[in-house]
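**Q** Take the sequence shown: its letters are residues 890 to 1219, numbered as in the numbering used here.
Even glycine gets a Cβ: it sits at the ideal position worked out from N, Cα and C.
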Amino acid sequence: MILVTGGAGYIGSHCALKLLEENKKVIVFDNFSTGHIETIETLMKEGKDNFEFFEGNLLNLNDLDALFKDRNIEAVIHFAAYSLVEESMKNPEKYYRNNVIGSINLLDKMRQYNVSRIVFSSTAATYGEPKEIPIKETHPQNPINPYGNSKLTVEKIMDDYDEAYNIKSVRLRYFNVAGCDDKTRIGEIHNPETHLIPNILKSTFNNKKTFKIFGDDYNTKDGTCIRDYINVEDLINAHILALNYLSAGGKTDFFNLGTNEGNSVKEIFDLCTKVTNKEIPFEIAQKRAGDPAILIADNKKAKEILGWNPEKTLYDSIKSAYMWELKQNK
Ligand code: UFG
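And the structure:
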């Protein structure tokens, strides 16, 4: 059985669904701090007897004991974390406590119950302000916010836990994750929503909140920030490959998950207009603190070592995200 922490959230639920489709037994552990009960209900329906849900908190050792005890957990995929950069700057305690201490608790229970493989959601935010584009895994890691620091700290802890306790890890450093399940069974729900694509798409509905472009005087081709948008289903495929890699005796390692290509906020906006066939109200607003101008992944390492091959286009991501928004707004 595979343990998926944070499986009621956006990315974790896509992973749980994929594992279930591959006929794996899955247990999701989540405290619903940012996850959703409806997502768990969908996973139950899809996974039937192969799916189990355990409501619990990584900061509660009793919850973790009850989770690991009497279950045959072969490997862990660890998504559960807070992930908003801006919030982490205002409330670092929340990020360090949940993301770092929560991960230590999880790793310690893995030790105690002899589970020796983990795939971890890391982030491009561990690199900080990029010195070269595209960003390779060897790029220095100097995060510029507590969120990035919390993830980098866990990456370092994982190195030490391998050295001392032989727990093997794969850390996947996500760039900008986009899109959702092709069949629209699950999707992205954040409250508040801060991410670019869902925010543009939400502006197409009745209440028509004007979409804000955060800054148009960056040093980029059209003045707006450039990001590397990776489709969530492609991203999840890398997690499955990472599990297989570890099962086959792979060593502890880390990989970027991105497409090697960047798109500006304006380009994304234009593509959203095309996909939705709607005029979307927008305005230029102030820059958001801490947004680097350009983030693009060099993804060669994941391709070479994991055999990963992202296939979906940006159009696919926006299309599936829009189908999901349409379903939510019915
Ligand atoms: N943006 C807008 N308007 C919006 C929302 C976003 O103009 O309403 C812009 C942002 O300024 C940025 C780009 O769109 O230039 C993408 O913003 P997102 O919030 O969608 O994504 P980020 O690049 O800020 O964040 C992502 C992940 C974080 C991670 C970060 C750094 O969501 O978890 O990359 O790697 F920390």
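Note the first and the last residue of the continuous beta strand (DSSP E) segment covering R1006.
**A** R1006 to T1012
**Q** Leaving out five residues on either side along the sequence, give the residues of the same chain with a beta carbon under 6 Å from the beta carbon of E1214.
**A** L1090
**Q** Rounded to the nearest angstrom, how far is the Cβ of P1019 from that of L1146, given a contact under 8 Å?
**A** Rounded, the Cβ-Cβ distance is 16 Å, inconsistent with contact.
**Q** Assign T894 to buried or exposed, taking buried as 16 or more other Cβ atoms, counted over all protein chains shown, within 10 Å of its Cβ.
**A** T894 should be labelled buried.
**Q** To the nearest angstrom, how far is the alpha carbon of N988 from that of K1072?
**A** 31 Å
**Q** Closest to T1083 by CA distance: which of T1162, D1180 and Y1050 is it?
**A** D1180
**Q** Report whether the distance from the Cβ of N1080 to the nearest heavy atom of the ligand UFG is below 8 Å.
**A** no
**Q** Taking contact to mean 3 or more Cβ pairs, one atom from each stretch, closer than 8 Å, check whether the region 992 to 1004 and the region 1196 to 1203 are in contact.
**A** Judged by Cβ distances under 8 Å, the region 992 to 1004 makes no contact with the region 1196 to 1203, as fewer than three pairs qualify.
**Q** What is the C-beta distance between A1014 and G1037, in whole angstroms, given that I count them as a contact (C-beta under 8 Å)?
**A** 3 Å
**Q** Measuring only the C-alpha atoms, how far is N1034 from T1109?
**A** 23 Å
**Q** Taking C-alpha atoms, which residue in I1194, G1139, R1116 and T1148 lies nearest to I1157?
**A** R1116
**Q** How many whole angstroms separate the CB atoms of I916 and L892, which I take to be in contact at a CB cut-off of 8 Å?
**A** 5 Å
**Q** Relative to the C-alpha of I993, which residue among S977, L948 and P981 is closest?
**A** L948
**Q** Given this structure, state the Cα-to-Cα distance separating L909 from V974, to the nearest angstrom.
**A** 31 Å
**Q** Can you tell me which of M978, M1212 and S902 puts its alpha carbon nearest to the alpha carbon of P1087?
**A** Of the candidates M978, M1212 and S902, the one whose C-alpha sits nearest the C-alpha of P1087 is M1212.
**Q** Using CA coordinates, which residue listed in I900, N951, A1174 and D1051 is at the minimum distance from A970?
**A** Across the set I900, N951, A1174 and D1051, the C-alpha of I900 shows the shortest separation from the C-alpha of A970.
**Q** Going by the C-beta, is Y1036 closer than 8 Å to any heavy atom of the ligand UFG?
**A** yes
**Q** Do you know how far the Cα of E1168 is from the Cα of D1051?
**A** Distance between the alpha carbons of D1051 and E1168 is about 52 Å.
**Q** Please report the Cβ distance between F968 and G1017, rounded to the nearest whole angstrom; I am assuming they are in contact, meaning their Cβ atoms lie under 8 Å.
**A** Going by Cβ atoms, the distance from F968 to G1017 rounds to 22 Å, so no, they are not a contact pair.
**Q** According to DSSP, simplified to helix, strand and coil, what is E975?
**A** helix
**Q** List the endpoints of the continuous alpha helix (DSSP H) containing N1145.
**A** Note, N1145: premise wrong, no alpha helix (DSSP H); beta strand (DSSP E) at D1142 to L1146.
**Q** Can you grab the Cα-Cα spacing for the pair F1064 / N1188, in whole Å?
**A** 10 Å
**Q** Using only CA atoms, which one of N1031, F1094 and S977 lies nearest to T1165?
**A** F1094
**Q** Can you tell me which of the three DSSP states D1117 falls into?
**A** Correct three-state label for D1117: coil.
**Q** Does DSSP put Y1016 in a helix, a strand or coil?
**A** coil
**Q** For D1070, is the classification buried or exposed, using 16 other Cβ atoms within 10 angstroms of its Cβ as the cut-off for buried?
**A** buried
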